[in-house]
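Chemist:
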Amino acid sequence: MNKTGEELFSLYLKRTSDYLKVDLFEYYDEMKNNKEIIREIEEAVKDVDSFQKKFNDIFEFRFFRTLLYVLIRVTKPGTIVETGVMHGLSSKFILNALRKNNNGKLISVDLPSFFESGPANKDGYNFTLPKGKQPGWITNEDDKKIWELRIGKSLEVLPDVFDKNKEISIFIHDSEHTYETMWSELNLAWPHIKPGGICICDNIESNTSFFDFCLKVGKIPLVLPAPGNDGLMSIRFALIQK
Ligand SMILES: C[S@@+](CC[C@H](N)C(=O)[O-])C[C@H]1O[C@@H](n2cnc3c(N)ncnc32)[C@H](O)[C@@H]1O
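Those letters in the sequence shown? Residues 2 to 243, by the working numbering.
Below, the structure is given as structure tokens:
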């Protein structure tokens with residue numbers, strides 16, 4: 002990606018470092034030079050027609066994912082729970098960082114959007130998996146050693162996930178961006194995030210659920226804009242610390 006992307010990423014790291022009172026730049030160079038993630042993704046996509054085949058650098062992936070990587074490297078979380086997997090790109094960045102930490106695990110929840118049956122989302126998001134692929138198909142065997150993938154509607158699966166994992170370090174919402182799903186996921190997850198833990202929400206622009214939730218729990222969020230599908234910058238994802 003061009004210099005502007007990298008400059009913007011540095012700005013995000015600075016703002017997130019200030020917000021969380023940690024130095025995310027500690028792992029900036031490692032993330033920037035992480036050829037392993039690119040190599041593993043290129044290996045996974047090589048026979049998949051509908052997917053980009055070559056990636057020049059790590060900034061071609063969304064800030065949402067690269068930021069997750071440095072956040073995990075710096076904060077050394079125990080258990081992470083994410084909703085919304087699709088190809089497994091965010092999962093891949095999380096799992097690669099956890100592998101480097103030599104500690105922690107990821108539990109992901111996904112209601113699959115199969116090519117054959119169409120999008121699972123009821124929020125207008127209309128992408129699907131490539132033909133014949135399962136959610137998280139980009140991850141490899143090493144990733145899977147520290148990964149639990151739970152299939153089903155987040156609101157139906159999360160109660161059991163939290164029953165078995167009473168305390169988590171990070172929760173990430175990126176499944177269905179309807180008010181009901183976002184609001185309910187945030188309310189289910191929050192009591193299980195440990196003090197100092199982090200709650201990250203993607204597509205906060207979809208409705209007011211995230212801001213309503215911040216008001217409810219008395220937190221001022223760090224809001225990070227990102228380029229939308231129209232190429233314009235808009236508010237996109239945000240985080241709060243417990
Ligand atoms: C935006 S994609 C996730 C992208 C992924 N987090 C990343 O950054 O690489 C949203 C995913 O959520 C799934 N999904 C849709 N509705 C869901 C629901 N109610 N519960 C869980 N997953 C759902 C979709 O099938 C899709 O795989």
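Backbone N, C-alpha and C fix where the C-beta goes; we use that ideal spot for every residue, glycine too.
Nothing here was measured: the structure is a model prediction, and the numbers come from that model.
(1) Between M249 and ligand 1, is the CB less than 7 Å from at least one heavy atom?
(2) Determine the DSSP secondary structure at F62, reduced to helix, strand or coil.
(3) Mind reading off the beta-carbon distance from W184 to D213? Whole number of angstroms is fine, and I expect it under 8 Å.
(4) On the CB-based measure, 16 or more other CB atoms within 10 Å of its CB, does N35 come out buried or exposed?
(5) Measuring CB atoms only, is the region 46-58 touching the region 160-171, in the sense that at least three cross pairs come out at less than 8 Å?
(6) Give me whichever residues DSSP pairs with D111 in a beta bridge.
(7) Cβ-heavy atom distance between P113 and ligand 1 below 7 Å?
(8) In whole angstroms, what separates the C-alpha of F10 from that of W191?
(9) Going by CA-CA distance only, name the one from N127, N102, S18 and M87 that's closest to K77.
(10) Closer than 6 Å by C-beta to V49: which residues in its own chain qualify, once you throw out the five before and the five after it? Chain order, please.
(11) May I ask you to check if the CB of G133 is nearer than 7 Å to at least one heavy atom of ligand 3?
(12) Could you check how far apart the C-beta atoms of L99 and L90 are, in whole angstroms? I think they sit under 8 Å.
(13) Is there contact here, the region 108-124 with the region 83-97, by at least three beta-carbon pairs under 8 Å?
(14) Taking 8 Å as the cut-off, does the region 172-188 touch the region 121-129 (at least 3 CB pairs, one atom from each stretch)?
(15) Taking 8 Å as the limit between beta carbons, can you name the residues of its chain near V23, skipping five residues before and five after?
(16) How long is the line joining the alpha carbons of K32 and K15, rounded to whole angstroms?
(17) Name, in chain order, the residues that DSSP records as bridge partners for E83.
(18) I'd like the span of the beta strand (DSSP E) that includes I147, first residue to last.
(19) Residue range of the beta strand (DSSP E) that F246 falls in?
(20) What is the DSSP secondary structure of G198, counted as helix, strand or coil?
(21) Starting from K93, trace the alpha helix (DSSP H) in both directions and tell me its first and last residue.
(22) Round the Cβ separation of L240 and I199 to the nearest angstrom and send it over; I've been treating them as touching at under 8 Å.
(23) What are the residues that DSSP puts in a beta bridge with P226?
(24) State the CB to CB distance for the pair I139 and I42, rounded to an integer number of angstroms; the pair is presumed to be in contact (CB under 8 Å).
Modeler: So, to answer that:
(1) Nothing in the structure corresponds to residue 249, since the chain is present only between 2 and 243.
(2) coil
(3) 7 Å
(4) buried
(5) no
(6) I152
(7) yes
(8) 27 Å
(9) N102
(10) P131
(11) For ligand 3, the structure offers nothing, since it holds only ligand 1.
(12) That belief does not hold up - the Cβ atoms of L99 and L90 are roughly 15 Å apart, past 8 Å.
(13) yes
(14) yes
(15) V75 and T76
(16) Here the sequence assigns Met to residue 32, which means Lys is not the residue at that position. Near 15 Å, if we compare the C-alpha coordinates of K15 and M32.
(17) S109 and I173
(18) Looking at the DSSP string, I147 is not in any beta strand (DSSP E), and its letter there is neither H nor E.
(19) A query on residue 246 cannot be resolved here, the shown segment of the chain reaching from 2 to 243 and no further.
(20) strand
(21) L90 to N102
(22) 6 Å
(23) I236
(24) 6 Å
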